[in-house]
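Here the structure is laid out as structure tokens; the discussion comes afterwards.
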Amino acid sequence: MSKTEYRSVIKFLFKEGFSPAQIKERLDGVYKESAPSYSTVKNWVKEFRLGRETVEDFGHDGRPVEVLTPETIALIEEEVLNDRRLKIREIAARLGLSKSTVHRAIHEHLHMKKVSARWVPKLLSAVQRQERVRCASEFLDLCGENPKTVIERLVTV
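This is the structure:
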């Protein structure tokens, strides 16, 4: 049984004129161990006595449960792609987020890591892997039988 259903029963019994102790006794008789505690019953009777009509929870103010929304991740990704040399601290300051939120977005959601002061993807995409294979094959074909001449042309001393 849900919280709101228990509250509805408490409200009904309160309107019938039962005391919190009597309501708790009746709930225990019907619902056994799953019945709400006496303090819960007492608090809800107090609420109904003060004029509350709804059995639903009120919305709560305060810090949101999750700061890292898809929109936030997109903003962080845009910052990183615009300047791959940005530090987590700088991105956090620009977007007004905590450093830990930016760190989690970059590492867990965007799957990037810092290499030589630049943010790069941890894994290559399928297209990038195919391009690497193509380039490596082309390089091997270019080398032919004499790889030393190719390396001498590529590396200048």
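For the sequence shown, the residue numbers in my numbering are 23 to 179.
C-beta atoms are modelled at their ideal positions from N, C-alpha and C, and glycine is treated no differently.
Fair warning: this is a prediction, and the values are worked out from it, not measured in the lab.
Which value, in whole angstroms, describes the spacing of the CA atoms of ARG140 and ARG106?
Sequence index remark: in the sequence shown, residue 140 carries index 118 (1-based). Sequence index remark: in the sequence shown, residue 106 carries index 84 (1-based). Rounded to whole angstroms, ARG140 to ARG106 spans 5 Å at the Cα level.
Give me the residue from TRP66, LEU132, ILE110 with the minimum Cα distance to ALA96.
Counting from 1 along the sequence shown, the entry for residue 96 is found at position 74. If we check each option's Cα against that of ALA96, LEU132 comes out closest.
Taking THR26 as the reference, which of VAL77, PHE70, ILE45 has the closest Cα?
Position 4 of the sequence shown, counted from the first residue, corresponds to residue 26. Selected option, being the one with the closest Cα: VAL77.
Take ALA114 and list the residues in its own chain whose beta-carbon comes closer than 8 Å to its own, dropping the five residues that flank it on each side.
Looking up residue 114 in the sequence shown gives position 92. So the qualifying residues of the chain are SER120, LYS121, THR123, VAL124.
For MET134, I'd like the list of residues in its chain whose CB is within less than 8 Å of its CB, leaving aside the five on either flank, ordered along the chain.
Numbered from its first residue, the sequence shown carries residue 134 at position 112. Excluding sequence neighbours, MET134 sits near VAL102, ILE128, TRP141, VAL142, PRO143, LYS144.
If we ignore side chains and look at the alpha-carbon of each, how far apart do PHE80 and ARG151 end up?
Here residue 80 refers to the residue found at position 58 when the sequence shown is read from its first residue. Here residue 151 refers to the residue found at position 129 when the sequence shown is read from its first residue. Roughly 52 Å separates the two Cα atoms.
In the DSSP assignment, the alpha helix (DSSP H) including PRO143 goes from what residue to what residue?
Within the sequence shown, the letter at position 121 stands for residue 143. It is not in any alpha helix (DSSP H) - PRO143 instead sits in the beta strand (DSSP E) that spans 140-143.
Leaving out five residues before and five after SER41 in sequence, what residues of the same chain have Cβ atoms less than 7 Å from its Cβ?
Within the sequence shown, the letter at position 19 stands for residue 41. Excluding sequence neighbours, SER41 sits near nothing in its chain.
Roughly how many whole angstroms lie between the Cα atoms of SER159 and THR171?
In the sequence shown, the residue the question calls residue 159 occupies position 137. In the sequence shown, the residue the question calls residue 171 occupies position 149. Their Cα atoms are separated by approximately 17 Å.
Leaving out the 5 sequence neighbours to the left and right, which residues in its chain are closer than 7 Å to ALA57 when beta-carbon positions are compared?
Counting from 1 along the sequence shown, the entry for residue 57 is found at position 35. Closer than 7 Å at the Cβ level, and outside the excluded window around ALA57, lie LEU49, ASP50.
How big is the Cα-Cα spacing for PHE70 and PHE36?
Taking the first residue of the sequence shown as position 1, residue 70 is located at position 48. Taking the first residue of the sequence shown as position 1, residue 36 is located at position 14. Using only the alpha carbons, I get a separation of about 8 Å.
In whole angstroms, what is the alpha-carbon distance linking THR146 and GLU153?
Start at 1 with the first residue of the sequence shown, and residue 146 comes out as number 124. Start at 1 with the first residue of the sequence shown, and residue 153 comes out as number 131. Before going further, note that residue 146 is Leu rather than Thr in the sequence given. LEU146 and GLU153: Cα-Cα distance of roughly 10 Å.
Look at the alpha carbon of ASN168 and the alpha carbon of VAL137, and state the distance between them as a whole number of angstroms.
Taking the sequence shown and counting its residues from 1, the one referred to as residue 168 is at position 146. Taking the sequence shown and counting its residues from 1, the one referred to as residue 137 is at position 115. Roughly 33 Å separates the two Cα atoms.
Going straight from the alpha carbon of LYS109 to that of ARG116, what length do you get?
For this step, residue 109 is matched to residue 87 along the sequence shown. For this step, residue 116 is matched to residue 94 along the sequence shown. Straight-line Cα distance between these residues: approximately 11 Å.
From GLU130, THR94, GLU99, ASN104, pick the residue whose C-alpha is nearest to that of GLY118; which is it?
Within the sequence shown, residue 118 is the residue found at index 96, counting from 1. The residue with the shortest Cα to Cα distance from GLY118 is THR94.
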